[in-house]
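**Q** One structure follows; several queries about it will come next.
In the numbering used here, the protein residues as written are 264 to 429.
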């Protein structure tokens, strides 16, 4: 169960997509303090975006999110997430927008992400990443400094800083 600011969901996002793929899920119910919203039928097949920005989420990003192959947008910005970007995100082959900015994520940015050919928006600004930015190939050649700013230990062509070996 996910709970925050009076909103609760009885299944995880991953379980939702798994059930949807297996055609077991017939209805999704979201409840807030004041009302209950229910979604059923074909509309469930068109849910392809997850926006959980500004929800005070804590902990690591679940690697299972990488199994959501039909997802087009994932926004986990402005939370208190820690740990690294799961390498499983390289399997999000339809993703167009990935925003992980303004968290406490760290480690290297997985080089496998350059395989995400549909990615048009990529933002990991204001975290604690270190190492080299992904190779400026294909779509990653279009992401500028604003995608990476606020990561003082990150270097590479996108940031106009040279990486030095120690």
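C-beta: ideal position from N, C-alpha, C; glycine also.
Whose CA, out of 327, 382, 341, lies closest to the CA of residue 364?
**A** As a position in the chain shown, residue 364 is number 101, starting the count at 1. The candidate whose alpha carbon is nearest that of residue 364 is 341.
**Q** For the stretch 322-383, list the beta strand (DSSP E) runs that are entirely contained and at least 3 residues long, ordered along the chain.
**A** Runs of the beta strand (DSSP E) inside the stretch 322-383: 336-338, 343-346, 360-362, 367-370.
**Q** Under three-state DSSP, which class holds residue 422?
**A** As a first step, residue 422 must be located in the chain shown, where it is residue number 159. Correct three-state label for residue 422: helix.
**Q** Since residue 344 contacts residue 382 with CB under 8 angstroms, what's their CB separation in whole angstroms?
**A** Translated into positions along the chain shown, residue 344 becomes position 81. Translated into positions along the chain shown, residue 382 becomes position 119. Between residue 382 and residue 344 the Cβ distance is about 19 angstroms, and since that is not below 8 angstroms, they are no contact.
**Q** Tell me where the beta strand (DSSP E) around residue 396 begins and ends.
**A** By one-based count along the chain shown, residue 396 stands at place 133. That residue, residue 396, is in no beta strand (DSSP E); it is neither H nor E in DSSP.
**Q** Pull up the DSSP beta-bridge partners for residue 412, would you.
**A** As a working mapping, residue 412 is identified with position 149 in the chain shown. Residue 412 pairs with nothing; no bridge assigned.
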